[in-house]
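Q: Protein chains in written order, with this note's numbering: chain A, 153 to 396; chain B, 175 to 307.
Ideal placement from N, C-alpha and C gives every residue a C-beta, glycine not left out.
1) Residue 202 of chain A and residue 296 of chain A look like a contact to me (Cβ under 8 Å); what is the Cβ gap, rounded to whole Å?
2) Quick one: grab the DSSP three-state call for residue 273 of chain B.
3) List, in chain order, every chain A residue whose beta-carbon is nearer than 8 Å to that of residue 184 of chain B.
4) Which residues in the same chain have their Cβ closer than 6 Å to the Cβ of residue 299 of chain A, if we skip the five residues on either side of it in sequence?
5) Does DSSP classify residue 178 of chain B as helix, strand or coil?
6) Quickly, what does DSSP pair residue 170 of chain A with across the bridge? List them, please.
7) Are three or more beta carbon pairs between the segment 201-221 of chain A and the segment 365-380 of chain A nearer than 8 Å?
8) Closer than 8 Å by beta-carbon distance: list the chain B residues that pair up with residue 253 of chain A, in chain order.
9) Would you identify the three-state DSSP class for residue 158 of chain A, choosing helix, strand or coil?
10) Give the interface partners of residue 179 of chain B over in chain A, defined as CB-CB distance under 7 Å, in chain order.
11) Decide if the segment 230-241 of chain B is in contact with the segment 212-220 of chain B; the criterion is three or more beta carbon pairs, one per stretch, under 8 Å apart.
12) Residue 208 of chain B by DSSP, collapsed to three states: which one?
13) Under DSSP, the alpha helix (DSSP H) around residue 392 of chain A begins and ends at which residues?
14) So with Cβ pairs under 8 Å, would you call residue 254 of chain B a contact of chain A?
15) DSSP state of residue 300 of chain B, grouped into three classes?
16) Out of curiosity, what's the CA-to-CA distance linking residue 304 of chain A and residue 224 of chain B?
Below, the structure written as structure tokens:
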């Protein structure tokens, strides 16, 4: 018995130049906000961009971008709708407001299905909002999506970086490229994350100060684009994206 | 036309397997299609007939067997068969695209838990590929 979907996944992604998995060692570090604002920033720079929310058990990018009343169209598979200048795909088109109580194997199966049927066509960047940590889904995405590159988000906490260290070790063992590390929610001066990142031979993309206005901007893309958070994302993207 | 994407996946996989087995011509492909995904068989068959254009596949016969979707509750052990007629159209469509959405919308008829196993009959599986070397 063979699963026919596997063979077609990289065919679906062949016209995508860069596949960036925004990942974290643990939840709650701002991974989805980084993924969403990075995608918006690149779209504003006139790149062709897709955002793929693969955090199936806790999807949230649709809330950040206020995605409502749009759905993929069917054309020899499914074509993601365009919203705020980027092609957007998420399981919420199918689960709506309901909870999706999926076990690991079910998450794997669902993500293989979406990878196999979604037609991105030509993109400069596909930004993937990954599930947090090292799960079945993370391992499947690494296994199935060739050419994937990781951008890792952490907070200044040594607890967050401890989980990053493990994720980095795994990715290094599997020869998966890591393009950089972003330090989010910075509250005081410290070189700990920068030094630890560089010690692991990785590129430190930059730090984002804790932004008290960010919460109120969630769901309002115009407001979001004026936050200090997104300003920093723009600066960080500008300084690093052409070097990946 | 989600079936078209799945047909493409079947054709790619059969081509890869045939190449690996050193086949010059594929004669028979056996597919199993689970009822949970509610694939339109006529559309799938049409897509396969349109996509099997390569020299390797042009004479291949696609034998498609449908498999009932058997679900088993992990909490109380109750087993039941998925029936499309018992669910709303929107829910049926969500499950058609991503069969795991069954866990979002369907509950165990005995205890109400969404924690059940899809024992068999989920989606499209390639059973065997036969041909001549």
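A: So, from the listed chains and residues:
1) Incorrect: roughly 17 Å between the Cβ atoms, too far for contact.
2) helix
3) 156
4) 171
5) helix
6) A:277
7) yes
8) 277, 278, 288 and 289
9) helix
10) 228, 229, 268 and 269
11) yes
12) strand
13) 380-392
14) no
15) strand
16) 43 Å
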